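To start, the structure under review is shown below, and the notes come after it.
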Amino acid sequence: TDGEDESDEADDGNEDEESEDDEKSGQDEESDASEGNDFGLMDTEDEEDESEVENLSSDEGPEERPIGKTTKHLNKKQKFDVQHSDTSESDDESDEDSPSNQPSSDSENDFNASENEVDDEEEDESKPTKKLNTWEDIYGRKRDRDGNIIEPESAGGKYIPPHVRAKLAAESGEDQKKLEKLNRLKKQLKGWLNRLSEANIFKIVSDVDKLYMQNPRYDMNVTLTSLIYESLVSNVIAPERMVLEHMLLIAALHANVGSEVGAHFLQFMIEKFSSMLTGLHECDVEDKHLDNIILIICHMYTFKIFHHGLIFEILKKLTSELSEKSVECVLLTLKSIGFALRKDDPTALKELIATLQSKANAASTELKDNTRLKYMLDVLLAVKNNNVNKIPQYDPSLAEHLRKILKTLMVNGKYVTTLNITLDDLLKADQRGK
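Under the UniProt record's numbering, the residue at position 207 of the sequence shown is numbered 207, and the numbers go up by one with no gaps.
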């Protein structure tokens, strides 16, 4: 019995030591939980405590240890809740007192600077910008500072195209820079035209083509047309070779630059022809202005810049009232391009010859005795019968040679566009449009 008592006491001592160890370990775990402030760690400690309670209850009996252990567990949970609430409140206070929630002096300065910049921009936008007194919209109309349309007094309220306004401004001296630029352009083109020949036609065509790329086309067309007119049209008849070389230049530009080059030149020449046709009866036979204009138009047809119908309309205008000057112009046309007209439209040429013969028979005796009229009728019969030998000084070889050169002057893929236009359309192009 004494041995059993000693063994029981030893067992009790061991159990006391184990309980003390458990209490120490529980206190250590509580301190770790309070310092870590971690829900996951407390959950694991609770699970360990519950497992220890179950083990102790199974070893020591159902009524002794479980009650103390569960109360101890509850005290630990309450203590954790209190500590958690304290730590959360302290975190909230620290967040409110942290410098990230309170703007620093530097950030305040930056914010104020940005506000000042925005205010400056708003003030700049609110300031009225400097406007021109007059300006031009996309339709070519002049407007004042408020956007109201300015009606031109001289034109009676009609629309003035931009190129006409530019011309009026240049003539009135309002645009000195543009006037100087046009003078330089005219001087440069005039130098090239004075040196124009078959030998340097390739370089001149290339140089003029570059000028078209660098300057407005209207300025180029006007300048080139006026220079050619001044060089070819005068009181004396122009050499045929000279006229052919200039028309070769026009045909090459008509193909490479655009059909507006030939169209503008043709319209200008037709207008000059129409203005001189009104005073044909008063025109001096020795004055060769009209002859040169007719020769230019004929050799434009040589390079197929326009359709042959326009030539027949011009011949009908010339023969509407026969006179010595009109007979001379018809004779010049037939000698230049008579056989080409016969090839393109023999029916129209036959009708024209019949009309001329009937009018010549009905003419006055003074006109019948005129040598020019007799010579014209002889040329008409030669063209009608395709008899080249009866026309003196007729040499189509030069025109054929220059037509071959034209093919070499055209850029790859370019060709001469034949303008199928009537005489009436050319004379009323400003009203009907181009």
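Note that beta-carbon positions come from the ideal geometry of N, C-alpha and C, so glycine has one too. None of the values given here were measured: they were computed from a predicted structure.
With 16 other Cβ atoms within 10 Å as the buried cut-off, status of residue i
i, result
"threonine 278", "exposed"
"leucine 381", "exposed"
"glutamine 431", "exposed"
"histidine 401", "exposed"
"serine 320", "exposed"
"serine 58", "Residue placement at serine 58 is poorly supported in this model, since its pLDDT is 46, which falls under 50; the coordinates still yield a value, given next. The residue is exposed, with fewer than 16 neighbouring Cβ atoms inside 10 Å."
"lysine 79", "A caution first: lysine 79 carries a pLDDT of 49, below 50, which makes its placement in the model unreliable, though a value can still be read off. Lysine 79 comes out exposed."
"histidine 254", "buried"
"threonine 302", "buried"
"isoleucine 294", "buried"
"serine 323", "buried"
"asparagine 361", "exposed"
"lysine 368", "exposed"
"lysine 404", "exposed"
"lysine 288", "buried"
"isoleucine 297", "buried"
"phenylalanine 202", "exposed"
"asparagine 148", "exposed"
"isoleucine 270", "buried"
"valine 236", "exposed"
"histidine 308", "buried"
"isoleucine 138", "exposed"
"valine 243", "buried"
"asparagine 386", "exposed"
Bridge-paired residues (DSSP) for residue i
i, result
"threonine 134", "Asp144"
"isoleucine 250", "Answer by DSSP bridge pairing: none, since isoleucine 250 is not bridged."
"phenylalanine 306", "Leu419"
"isoleucine 294", "In the DSSP output, where bridge partners are listed per residue, isoleucine 294 has none listed."
"isoleucine 237", "In the DSSP output, where bridge partners are listed per residue, isoleucine 237 has none listed."
"isoleucine 149", "Arg143"
Of the listed residues the options, nearest to residue i (C-alpha basis)
i, options, result
"asparagine 200", "Lys181, His246, Leu341 and Glu136", "His246"
"proline 162", "Gly140, Arg145, Asp144 and Glu151", "Gly140"
"serine 326", "Glu271, Cys283 and Lys186", "Cys283"
"isoleucine 204", "Tyr218, Tyr301 and Leu248", "Leu248"
"leucine 419", "His264, Leu334 and Val330", "His264"
"lysine 304", "Ala348, Met269 and Ala251", "Ala251"
"glutamine 357", "Asp137, Lys407, Met376 and Glu328", "Met376"
"glutamine 393", "Glu366, Ala363 and Leu331", "Leu331"
"phenylalanine 339", "Lys390, Val236 and Leu211", "Lys390"
"glycine 413", "Leu244, Ser234 and Val257", "Val257"
"tyrosine 212", "Ser197, Ile138 and Lys186", "Lys186"
"glutamate 230", "Leu398, Asn292, Leu280 and Glu198", "Asn292"
C-alpha distance - residue i paired with residue j, whole-angstrom precision
i, j, result
"serine 259", "lysine 167", "23 Å"
"tryptophan 192", "arginine 165", "29 Å"
"aspartate 209", "aspartate 378", "44 Å"
"lysine 384", "threonine 417", "29 Å"
"arginine 143", "tyrosine 159", "13 Å"
"lysine 190", "leucine 227", "7 Å"
"serine 275", "proline 396", "30 Å"
"asparagine 194", "asparagine 221", "17 Å"
"asparagine 133", "glutamate 151", "15 Å"
"glutamine 176", "alanine 429", "30 Å"
"leucine 423", "leucine 266", "10 Å"
"glutamine 214", "valine 261", "15 Å"
"leucine 179", "glutamine 188", "14 Å"
"leucine 224", "arginine 241", "19 Å"
"leucine 373", "tyrosine 218", "42 Å"
"threonine 333", "histidine 299", "10 Å"
"histidine 411", "leucine 318", "According to the sequence shown, residue 411 is valine rather than histidine. If I take the Cα positions, the gap works out to 38 Å."
"arginine 184", "isoleucine 337", "37 Å"
"leucine 232", "alanine 354", "33 Å"
"leucine 349", "phenylalanine 312", "8 Å"
"lysine 335", "glutamate 328", "11 Å"
"phenylalanine 273", "leucine 290", "7 Å"
"threonine 371", "valine 388", "20 Å"
"proline 346", "tryptophan 135", "57 Å"
"aspartate 344", "threonine 365", "35 Å"
"glutamate 351", "tyrosine 415", "32 Å"
Residue i, enclosing alpha helix (DSSP H) - first and last residue
i, result
"tyrosine 218", "217-232"
"arginine 195", "Taken as a continuous stretch (DSSP letters only), arginine 195 belongs to no alpha helix (DSSP H), as it is neither H nor E."
"lysine 272", "259-277"
"leucine 334", "324-344"
"isoleucine 204", "201-214"
"glutamine 431", "429-432"
"tyrosine 375", "371-384"
"leucine 280", "From DSSP, leucine 280 is part of no alpha helix (DSSP H); its letter is neither H nor E."
"glutamate 321", "No alpha helix (DSSP H) contains glutamate 321, which DSSP labels as neither H nor E."
"isoleucine 405", "397-409"
"lysine 368", "365-368"
C-beta neighbour in chain D for residue i, strict 8 Å
i, result
"glutamate 245", "The chain inventory of the structure shown lacks chain D, comprising one protein chain alone."
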